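Encoded as structure tokens, the structure appears first; notes follow it.
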Amino acid sequence: MTGDVMTSRAPSAIDWWHQIELPGGYVTPGHDRSAEKLAALHLPDLRGKTVLDVGAFDGYFSFAAERLGAARVVALDTFVWQRPGGKDGFEYARKALGSSVEDLEVEVLDISPETVGQFDVVLFLGVLYHMRHPLLALERVASVTRERLILETLVDMTFLRSPAAAFYPWKMLGDGTNWWGPNQAAVLGMLHSVGFERAAPYPVKRFSSARVRGLPVRAKVNANLISGASNRSRRRLVRDVAKSVLTQNRLVAHGIR
Numbered sequence: 003m004t005g006d007v008m009t010s011r012a013p014s015a016i017d018w019w020h021q022i023e024l025p026g027g028y029v030t031p032g033h034d035r036s037a038e039k040l041a042a043l044h045l046p047d048l049r050g051k052t053v054l055d056v057g058a059f060d061g062y063f064s065f066a067a068e069r070l071g072a073a074r075v076v077a078l079d080t081f082v083w084q085r086p087g088g089k090d091g092f093e094y095a096r097k098a099l100g101s102s103v104e105d106l107e108v109e110v111l112d113i114s115p116e117t118v119g120q121f122d123v124v125l126f127l128g129v130l131y132h133m134r135h136p137l138l139a140l141e142r143v144a145s146v147t148r149e150r151l152i153l154e155t156l157v158d159m160t161f162l163r164s165p166a167a168a169f170y171p172w173k174m175l176g177d178g179t180n181w182w183g184p185n186q187a188a189v190l191g192m193l194h195s196v197g198f199e200r201a202a203p204y205p206v207k208r209f210s211s212a213r214v215r216g217l218p219v220r221a222k223v224n225a226n227l228i229s230g231a232s233n234r235s236r237r238r239l240v241r242d243v244a245k246s247v248l249t250q251n252r253l254v255a256h257g258i259r
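Residue 3 is where the sequence shown starts when you use the numbering used here, and the numbers rise one by one after that.
Okay, here's the thing in structure tokens:
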């Protein structure tokens, strides 16, 4: 259901994740390279389609789907929105854009036709590797997908052609919500296993011009992360950072009915 409540916080006081262009030329100062990611999704024609955005956060991709002509868009989140102030960005952007995007708070593993309905296109972006049970999560989102699931995820073990996944029992790069790094073969295999007839991969370029421009910022973030860790954790973090450069990448994959 679309809410009418707008946060009273100024946009500069919100902890933004997405970079959303608002009326007047203001772009929210998020860390996510949102426009670059949107261009890499290989979206189908969304005109007249119904779209569910799972893990919507500030709603950049929900608002983009609406802008691209979707007939109905539902933004779904819980992990971020249940934190204090975690929904402020979404509420502010929706009001500023005059958007009709609906919001729904349902856990990923509770997604079903009964709880959220069914949609022509489902966006599942940057969520899979945060799930303790990724195959079960894919089963849930597949159950509400009529035509196409668009998945964007971290991939690991990219040197292996056989299906495999890295498991992170500690904080990978300082984030305790990172659990799994499947490789491309594993992602495609999981999409087939949950009922998609075709699974099309679109590997993200490791070094786009936007990524190269962002390297100094990422280097600074990693340096601060390492320097702020305890001596016991520092060596592991250094290994994690080095490993991420060698074995990790991002992948977009479409599950098609």
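Just so it is clear, CB atoms sit at the ideal spot from N, CA and C, and this is done for glycine as well. In this text, all values refer to a predicted model and were calculated from it rather than measured experimentally.
**Q.** Contact set for L48: own chain, Cβ-Cβ below 8 Å, skip 5 residues either direction
**A.** A67, L70, G71, A72 and V123
(Q) DSSP three-state label for F198, please. (A) coil
(Q) Please classify T147 as buried or exposed, where buried requires at least 16 other C-beta atoms within 10 Å of its C-beta. (A) buried
(Q) Using 7 Å as the threshold, is the C-beta distance between E154 and G119 below it? (A) no
Q: Kindly indicate which three-state DSSP category L24 falls into: helix, strand or coil?
A: coil
(Q) Could you compute how far the alpha carbon of G197 sits from the alpha carbon of R259? (A) 8 Å
Q: For Y131, collect the residues of the same chain with a Cβ closer than 7 Å to its Cβ; drop the 5 residues on either side in sequence, then sort them by chain order.
A: T155, L156, N180, W181, W182 and G183
Q: Give the C-beta separation of W18 and G88 to the nearest angstrom, bearing in mind that I take them to be a contact with Cβ-Cβ under 8 Å.
A: With a Cβ gap of about 11 Å, W18 and G88 do not count as contacting.
(Q) Could you give the first and the last residue of the continuous beta strand (DSSP E) run that contains V82? (A) No beta strand (DSSP E) contains V82, which DSSP labels as neither H nor E.
Q: If I'm right that L54 touches L78 with Cβ under 8 Å, what's the distance once you round it to whole angstroms?
A: 6 Å
Q. With DSSP run on the structure shown, which of helix, strand or coil describes M174?
A. strand
Q: Run the proximity test for T117: is its beta-carbon closer than 6 Å to any non-hydrogen atom belonging to the ligand GTP?
A: Looking for the ligand GTP in the displayed structure turns up nothing, as the structure carries no ligands at all.
Q: Kindly list the residues whose CB is nearer than 7 Å to the CB of K51, restricted to its own chain and excluding five residues on each side of it in sequence; keep chain order.
A: A72, A73, D122 and V123
Q.
In this structure, how does DSSP classify V136 when only helix, strand and coil are distinguished?
A. Correcting the residue type first, residue 136 is Pro in the shown sequence and not Val. In this structure, P136 counts as helix in the three-state DSSP scheme.
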